[in-house]
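Peer 1: Let me give you the structure first, and then I'll get to my questions.
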Amino acid sequence: SAVISQKPSRDICQRGTSLTIQCQVDSQVTMMFWYRQQPGQSLTLIATANQGSEATYESGFVIDKFPISRPNLTFSTLTVSNMSPEDSSIYLCSVGGTGGSFYGYTFGSGTRLTVV
Amino acid sequence: DAKTTQPTSMDCAEGRAANLPCNHSTISGNEYVYWYRQIHSQGPQYIIHGLKNNETNEMASLIITEDRKSSTLILPHATLRDTAVYYCIAAQGAQKLVFGQGTRLTINP
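Residue numbers (my numbering), protein chains in the order written: chain F, 20 to 135; chain E, 4 to 112.
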C-alpha cells in the first residue's frame with residue numbers, strides 16, 4: 020500500500036491566520052481525500068482532491084474556507100483559511116487506487132491543529 | 004451510500020474472539036462493506052472488505068449475511084493492541100468513504 024507523508028504533524032496557530040497542510044504519497048494514486056476529525060468525534064469528509072481540476076466539496080465545506088490543490092498524482096495540499104478556534108481538529112489525508120486493484124484506502128497520520 | 008449501524012462500545016477479553024456486528028439494511032447491490040479501525044491518535048487503518056462472500060485475511064474475518072443486510076467482523080484472538088474504534092462502512096468500490104460513529108472496542112487483560 021501507499022506510504023503517506025503528511026506535514027506538519029501538528030501546529031498551534033493564531034485565529035485569523037491560514038495553515039497549509041501537505042500530503043505527499045510515495046506512488047501515484049487515483050483517489051485523494053481530505054478529512055477532518057474534531058475532538059472526540061468520527062471522521063468527516065471535507066472534499067475529494069481532483070488532479071488538475073477543482074476539488075469536489077462535501078456539504079458544509081466551501082472552497083473559500085478549505086482551498087485544495089492537487090497538481091499531480093502524488094501530492095495535494097489543504098489550506099485552512101481565516102482560522103477560528105472551531106477549526107481545531109485533526110486533518111487527515113487519505114489515498115487509494117494504486118496499481119490495478121483496489122485494496123482499501125491508506126490514511127496519513129494526520130495534522131493536529133490547535134487554533135488559539 | 005448506505006447508512007450503517009454499530010454498537011457504541013464493546014468489551015472483549017484478551018485471547019478471545021472479538022465479534023463486531025454491523026447493520027446495513029439499505030445496502031445496494033454494488034456497495035461493498037469495508038472495515039477500518041482507528042487506534043488512538045493514529046489515522047484509520049484498513050482491515051478488510053467484501054461484497055457478498057465471506058473474506059479472511061491476516062488481520063480478521065468478515066462474515067456477510069446472505070441478504071447482505073448485516074455483517075460481522077471477527078478478530079480471532081484479540082490482543083490489547085486491538086483496542087480501537089472500529090468503523091463499518093458501506094460504499095461503492097474505489098469511491099469516497101463516509102464514516103459513522105463506529106464501535107469502541109476495549110480488550111481487557
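By construction, the Cβ of each residue, glycine as well, lies at the ideal position given by its N, Cα and C atoms.
Let's see if you can read the secondary structure: which residues bound the beta strand (DSSP E) around E:Ala5?
Peer 2: No beta strand (DSSP E) holds E:Ala5; DSSP gives it neither H nor E.
Peer 1: Could you compute how far the alpha carbon of E:Cys15 sits from the alpha carbon of F:Gln70?
Peer 2: Using only the alpha carbons, I get a separation of about 43 Å.
Peer 1: Counting only beta-carbon atoms, is E:Val36 nearer than 8 Å to chain F?
Peer 2: No, no contact with chain F.
Peer 1: Taking E:Pro24 as part of the beta strand (DSSP E), name the residues at either end of that continuous run.
Peer 2: From DSSP, the beta strand (DSSP E) with E:Pro24 extends over 21-26.
Peer 1: Quick check: the Cα distance between E:Pro24 and E:Val36, rounded to an integer number of angstroms?
Peer 2: One C-alpha to the other measures close to 12 Å.
Peer 1: If you measure from the beta carbon of F:Ser28 to each beta carbon in chain E, is any gap under 8 Å?
Peer 2: F:Ser28 does not count as touching chain E.
Peer 1: Have a look at F:Thr125 and F:Ala68 and give me their C-alpha separation to the nearest angstrom.
Peer 2: Whole-angstrom Cα-Cα distance: 15 Å.
Peer 1: My output table needs one value for E:Glu17: the three-state DSSP class, helix, strand or coil.
Peer 2: The answer is coil: DSSP assigns E:Glu17 none of H, G, I, E or B.
Peer 1: Along chain E, in chain order, which residues have C-beta atoms closer than 8 Å to that of F:Gly127?
Peer 2: Within chain E, the residues near F:Gly127 are Gly46.
Peer 1: Across which residues does DSSP place E:Glu34 in a beta bridge pair?
Peer 2: E:Gln95.
Peer 1: F:Asp106: which of F:Gln25, F:Thr96, F:Gly123, F:Phe85 sits nearest, CA to CA?
Peer 2: For F:Asp106, the nearest C-alpha among the options comes from F:Phe85.
Peer 1: Taking C-beta pairs closer than 9 Å, name the residues in chain E that F:Phe85 reaches, listed in chain order.
Peer 2: Ordered by position in chain E, no residue passes the 9 Å Cβ test against F:Phe85, which lies about 15 Å from the chain.
Peer 1: Give the interface partners of E:Gln95 over in chain F, defined as CB-CB distance under 7 Å, in chain order.
Peer 2: Simply none; closest approach about 11 Å.
Peer 1: Specify the secondary structure class of E:Arg40 as computed by DSSP and reduced to three states.
Peer 2: Correct three-state label for E:Arg40: strand.
Peer 1: Do three or more CB pairs link the segment 35-42 of chain F to the segment 96-105 of chain F at distances below 8 Å?
Peer 2: Counting Cβ pairs under 8 Å, three or more are found: they touch.
Peer 1: Say whether chain F places a C-beta atom closer than 8 Å to the C-beta of E:Tyr89.
Peer 2: No - not a single Cβ of chain F is within 8 Å of the one on E:Tyr89.
Peer 1: Please work out which residues of its chain come closer than 6 Å, Cβ to Cβ, to F:Ile87, disregarding the five sequence neighbours upstream and downstream, and give them in chain order.
Peer 2: Cβ neighbours of F:Ile87 beyond the five flanking positions: Ala66, Ala68, Ala74, Leu97.
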